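**Student:** Residue numbers (the numbering used here): 1233 to 1600. Take a look at this one; I'll ask things after.
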């Protein structure tokens, strides 16, 4: 009897030990699971914190549609700022893609070709605009991370070439812009409002060039630092002396922009040549003006049209009824001539006055 009681106690003790080991093993398992969970949670929180410290890059696609060609610029930057100023050192040019000219057959003149270089050249050839833009858009799609496509805005700013096109034919110029908007809206990039594709005014073009130049020279950053150091001891005029003026010679227009000393001792600048802009909590009032038709290509066109009229006026050239005209140019090497087409000289609004003079000598049907 005593032996059986001892045996039962021994079994009971073994069960208690087994239960204790099970409890210990369970607690160890829970502790290990909690430990692993804590590690995973820590990694997750660190990754979130790191992501906040280092935000994803922001991309933007910008098309500069000039009078002679178009280029696509892709920029990227982290969404951070320094002391109220965009840290320009972190704004990077990712890549540039020049749009390639489209060469097509001239349906009105069999056997001849037309080269479409700028968007203003597509007024009569809207169906080719997609072919013009797609190579660079495809490159942007492949190089910008796919998870950033829908967050990457796309813009096109047209300059003096399209301002002249609008003077020639408002409807055609609007059709060019609408076709480009449709192309952009079908891309994976962020295209929200129509103003993302538009013709810049002359003053906008002038101001944009001035801002860009002074940002690249870090003049806004230097001026901001100087203002903080001197606080109220210096005048607005002293601050503006840090900014450089800009002369931008384009193909169809020239822009002049600069800040100036505005006091009673200087001649007042006409209101139409000044504009107020706010940058980094500071108001600037620069002189800004765009001289349409004073770009390199349009100035040359006007010069050649006047050469032609002068030759006709002095009887040095017979009435030209041919497509091509060879005319002496004193600015070329001795004995060299310019070979011109009448239509290329007088289709631009910049040569409207010269065209009226030319009409006296020849047949207006040449301008069809």
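Every residue gets a Cβ at the ideal spot worked out from N, C-alpha and C, and that includes glycine. The model shown is predicted, which means the values in this text are computed figures rather than measured ones.
1. Give, in chain order, every unbroken run of the alpha helix (DSSP H) that is at least 4 residues long and sits entirely within the segment 1329 to 1380.
2. Going by beta-carbon coordinates alone, are residue 1482 and residue 1392 separated by less than 7 angstroms?
3. Whether or not the segment 1488 to 1497 and the segment 1515 to 1525 are in contact is what I'm after, with contact meaning three or more pairs of Cβ atoms, one per stretch, closer than 8 angstroms; do they touch?
4. Grab the span of the beta strand (DSSP E) containing residue 1569 for me, first residue to last.
5. Does the Cβ of residue 1470 have 16 or more other Cβ atoms within 10 Å, making it buried, or fewer, making it exposed?
6. Using the C-alpha atoms, what's the distance from residue 1433 back to residue 1406?
7. Tell me which residue opens and which closes the alpha helix (DSSP H) that residue 1487 is part of.
8. So residue 1484 and residue 1384 are in contact, right, with Cβ under 8 angstroms, and what is the actual spacing, rounded?
9. Hey, residue 1542 and residue 1577: beta-carbon distance below 7 angstroms or not?
10. If we count the other Cβ atoms within 10 Å of its Cβ and call it buried at 16 or more, is residue 1583 buried or exposed?
11. Span of the beta strand (DSSP E) holding residue 1423?
12. By alpha-carbon positions, which one of 1509, 1568, 1365, 1376 ends up nearest to residue 1309?
13. Out of 1305, 1562, 1340, point me to the one whose CA is closest to residue 1295's CA.
14. Pop quiz: residue 1337 and residue 1345 are said to be a contact at Cβ under 8 angstroms. What is the actual Cβ separation, rounded to whole angstroms?
15. Could I get the ranges of all uninterrupted beta strand (DSSP E) runs contained in the segment 1395 to 1434, with 3 residues as the minimum, in chain order?
16. Tell me which same chain residues have a C-beta within less than 6 angstroms of the C-beta of residue 1428, skipping the five on either side of it?
17. For residue 1382, which of 1420, 1326, 1511, 1335 has the nearest alpha-carbon?
18. Tell whether a beta-carbon distance below 7 angstroms holds between residue 1399 and residue 1368.
19. Run through the DSSP bridge pairs and tell me what residue 1521 is partnered with.
20. Between residue 1523 and the rest of its own chain, which residues show a CB-CB distance below 7 angstroms, the 5 nearest in sequence each way excluded?
21. Taking the alpha carbon of residue 1408 as the point to measure from, which residue in 1515, 1354, 1366 has its own alpha carbon closest?
22. Near residue 1361, which residues of its chain fall below 8 angstroms by C-beta distance, leaving aside the five closest residues on each side in sequence?
23. Can you tell me whether residue 1530 is helix, strand or coil according to DSSP?
24. Give the secondary structure of residue 1594 by DSSP, where H, G and I count as helix, E and B as strand, and everything else as coil.
25. Would you list the residues sitting across from residue 1295 in a DSSP beta bridge?
26. Among 1325, 1446, 1588, which residue has its Cα nearest to the Cα of residue 1512?
27. Compute the Euclidean distance between the alpha carbons of residue 1589 and residue 1300, then round it to the nearest angstrom.
28. Terminal residues of the continuous beta strand (DSSP E) containing residue 1515?
29. Given a threshold of 16 other Cβ atoms within 10 Å of its Cβ, counted over all protein chains shown, does residue 1444 qualify as buried or as exposed?
30. Which of the three DSSP states, helix, strand or coil, is assigned to residue 1583?
31. With distances taken from CA atoms, which of 1366, 1357, 1339, 1424 is nearest residue 1329?
32. Judging by CA-CA distance, which residue of 1565, 1564, 1569 is the nearest neighbour of residue 1558?
33. What three-state label does DSSP hand residue 1546 in the structure shown?
34. Run the CB neighbour count on residue 1302, radius 10 Å, all protein chains shown included, and call it buried at 16 or more, exposed below.
35. Considering only the alpha carbon of each residue, which of 1440, 1546, 1565, 1566 lies closest to residue 1509?
36. Once you ignore the five residues that flank residue 1600 on each side, which residues in its own chain have a CB closer than 7 angstroms to its CB?
**Tutor:** So, from the listed chains and residues:
1. Runs found: 1361 to 1375.
2. As a position in the chain shown, residue 1482 is number 250, starting the count at 1. As a position in the chain shown, residue 1392 is number 160, starting the count at 1. For residue 1482 and residue 1392, yes; Cβs fall inside 7 angstroms.
3. The segment 1488 to 1497 and the segment 1515 to 1525 touch, with three or more beta-carbon pairs separated by less than 8 angstroms.
4. Against the chain shown, residue 1569 aligns to sequence position 337. From DSSP, the beta strand (DSSP E) with residue 1569 extends over 1569 to 1573.
5. Here the question's residue 1470 lines up with position 238 in the chain shown. Bear in mind that the predicted position of residue 1470 carries a pLDDT of just 45, short of 50, making it unreliable; the figure below should be weighed with that in mind. So residue 1470 counts as exposed.
6. Position 174 of the chain shown, counting from 1, holds the residue named residue 1406. Position 201 of the chain shown, counting from 1, holds the residue named residue 1433. Their backbone Cα atoms lie some 15 angstroms apart in a straight line.
7. Taking the first residue of the chain shown as 1, we reach residue 1487 at position 255. Careful: residue 1487 lies outside any alpha helix (DSSP H), inside the beta strand (DSSP E) at 1485 to 1490.
8. As a working mapping, residue 1484 is identified with position 252 in the chain shown. As a working mapping, residue 1384 is identified with position 152 in the chain shown. Taking a contact as a CB-CB distance under 8 angstroms, the pair residue 1484 and residue 1384 does not count as one, their CB atoms being some 30 angstroms apart.
9. Here residue 1542 corresponds to residue number 310 of the chain shown, with the count starting at 1. Here residue 1577 corresponds to residue number 345 of the chain shown, with the count starting at 1. Taking 7 angstroms as the cut-off, the beta carbon of residue 1542 is found no closer than this to the beta carbon of residue 1577.
10. By 1-based counting over the chain shown, the position of residue 1583 is 351. Flag for residue 1583 reads buried.
11. What you label residue 1423 is simply residue 191 of the chain shown in a count that begins at 1. No residue range can be given for residue 1423, since it is assigned to no beta strand (DSSP E) and is classified by DSSP as neither H nor E.
12. Against the chain shown, residue 1309 aligns to sequence position 77. For the options 1509, 1568, 1365, 1376, the alpha carbon positioned closest to that of residue 1309 is the one of 1376.
13. As a first step, residue 1295 must be located in the chain shown, where it is residue number 63. The closest CA to that of residue 1295, considering only 1305, 1562, 1340, is found on 1305.
14. Taking the first residue of the chain shown as 1, we reach residue 1337 at position 105. Taking the first residue of the chain shown as 1, we reach residue 1345 at position 113. Yes, residue 1337 and residue 1345 are in contact; Cβ-Cβ is about 6 angstroms, under 8 angstroms.
15. DSSP runs (the beta strand (DSSP E)) wholly in the segment 1395 to 1434: 1429 to 1431.
16. Against the chain shown, residue 1428 aligns to sequence position 196. Within the same chain, 1387 come within 6 angstroms of residue 1428 by CB-CB distance, once the 5 residues on both sides are set aside.
17. Position 150 of the chain shown, counting from 1, holds the residue named residue 1382. Per the C-alpha coordinates, the member of 1420, 1326, 1511, 1335 positioned closest to residue 1382 is 1420.
18. Residue numbering aside, residue 1399 sits at position 167 when the chain shown is read from its first letter. Residue numbering aside, residue 1368 sits at position 136 when the chain shown is read from its first letter. In this structure, residue 1368 does not lie closer than 7 angstroms to residue 1399 by Cβ.
19. One-based indexing of the chain shown puts residue 1521 at position 289. Residue pairing by DSSP puts residue 1521 in a beta bridge opposite 1488.
20. Mapped onto the chain shown, residue 1523 falls at position 291. Closer than 7 angstroms at the Cβ level, and outside the excluded window around residue 1523, lie 1485, 1486.
21. Translated into the one-based positions of the chain shown, residue 1408 becomes position 176. Measuring from the Cα of residue 1408, the nearest candidate turns out to be 1354.
22. Along the chain shown, read from residue 1 onward, the residue named residue 1361 stands at position 129. The beta carbon of residue 1361 sits closer than 8 angstroms to those of 1351, 1354, 1408, 1411, 1412, 1415, all from its chain and outside the five residues before and after it, given in chain order.
23. Residue numbering aside, residue 1530 sits at position 298 when the chain shown is read from its first letter. Here DSSP, grouped into helix, strand and coil, assigns residue 1530 to helix.
24. For the purposes of this step, residue 1594 is taken as residue 362 along the chain shown, with counting starting at 1. Three-state DSSP puts residue 1594 in coil, outside helix and strand.
25. As a working note, residue 1295 is residue 63 in the chain shown. According to DSSP, which records beta bridges pairwise, residue 1295 is partnered with 1304, 1388.
26. Mapped onto the chain shown, residue 1512 falls at position 280. For residue 1512, the closest C-alpha among the options 1325, 1446, 1588 is that of 1446.
27. Working through the chain shown from its first residue, we reach residue 1589 at position 357. Working through the chain shown from its first residue, we reach residue 1300 at position 68. Answer to the nearest angstrom: the Cα atoms are 27 angstroms apart.
28. The sequence position of residue 1515 within the chain shown is 283, counting from 1. Counting along the chain, residue 1515 sits inside the beta strand (DSSP E) bounded by residues 1514 to 1516.
29. Taking the chain shown and counting its residues from 1, one reaches residue 1444 at position 212. Exposed: under 16 other Cβ atoms inside 10 Å.
30. The residue labelled residue 1583 in the question sits at position 351 within the chain shown. In this structure, residue 1583 counts as helix in the three-state DSSP scheme.
31. The sequence position of residue 1329 within the chain shown is 97, counting from 1. The candidate whose alpha carbon is nearest that of residue 1329 is 1366.
32. As a working note, residue 1558 is residue 326 in the chain shown. The alpha carbon of residue 1558 has as its nearest neighbour, out of 1565, 1564, 1569, the alpha carbon of 1569.
33. Your numbering for residue 1546 matches position 314 in the chain shown. Residue state, collapsed to three classes: coil.
34. Working through the chain shown from its first residue, we reach residue 1302 at position 70. That one is buried.
35. Along the chain shown, read from residue 1 onward, the residue named residue 1509 stands at position 277. When C-alpha distances from residue 1509 are compared across 1440, 1546, 1565, 1566, the shortest belongs to 1440.
36. Numbered from 1 along the chain shown, position 368 holds the residue referred to as residue 1600. Unreliable placement is indicated for residue 1600, whose pLDDT of 47 sits below 50; no coordinate value is reported for it.
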